[in-house]
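Engineer: The opening position of the sequence shown corresponds to residue 1 in full-length UniProt numbering, with each subsequent residue numbered one higher. Note that beta-carbon positions come from the ideal geometry of N, C-alpha and C, so glycine has one too. Only a predicted model underlies this, so the values are computations on that prediction, with no experimental measurement involved. What follows is a single structure, and I will ask about it in a moment.
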Amino acid sequence: MKPIHIITLIAFLASLGSIVCGLILEVDYSEKLIGFGVLGLFLVVFPLFSYYRWKGKDAKDYMLTKENLAKMRENQRENKY
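Here you go:
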């Protein structure tokens with residue numbers, strides 16, 4: 001397993017654990033636990049996951065350019081018949 005996988009998994013489990021503890025435990029700072037868990041998901045886990053998944057890929061392949069729209073229309077015509 002790659003280190004980026006391990007870091008992402010640990011951050012995900014920590015964020016999820018923080019959210020669950022905030023929901024289950026009846027302490028004064030339970031809302032803060034939920035908030036830190038959500039922040040961890042959006043500021044740490046999602047960027048790490050996105051970086052890993054998009055590494056080595058060209059973003060232009062996923063943009064709606066005139067060339068890509070033409071390819072999509074051509075593929076639809078071919079698959080229609």
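Less than 7 Å between the C-beta atoms of I7 and G22, yes or no?
Structural biologist: For the purposes of this step, residue 7 is identified with residue 7 of the sequence shown, where counting begins at 1. For the purposes of this step, residue 22 is identified with residue 22 of the sequence shown, where counting begins at 1. Cβ atoms of I7 and G22: not closer than 7 Å.
Engineer: First and last residue of the alpha helix (DSSP H) that includes Y52?
Structural biologist: Your numbering for residue 52 matches position 52 in the sequence shown. Start and end: F46 to W54.
Engineer: Do you know offhand how far I4's Cα is from K80's?
Structural biologist: Counted from its first residue, the sequence shown places residue 4 at position 4. Counted from its first residue, the sequence shown places residue 80 at position 80. Near 42 Å, if we compare the C-alpha coordinates of K80 and I4.
Engineer: Under 8 Å by Cβ, that's how I've got S15 and L41 pegged, so tell me the actual separation to the nearest angstrom.
Structural biologist: Indexing the sequence shown from 1 puts residue 15 at position 15. Indexing the sequence shown from 1 puts residue 41 at position 41. About 5 Å; that satisfies the 8 Å criterion.
Engineer: How far does the alpha helix (DSSP H) with residue 85 in it extend, from its first residue to its last?
Structural biologist: There is simply no residue 85 to check, as the chain begins at 1 and stops at 81 in what is shown.
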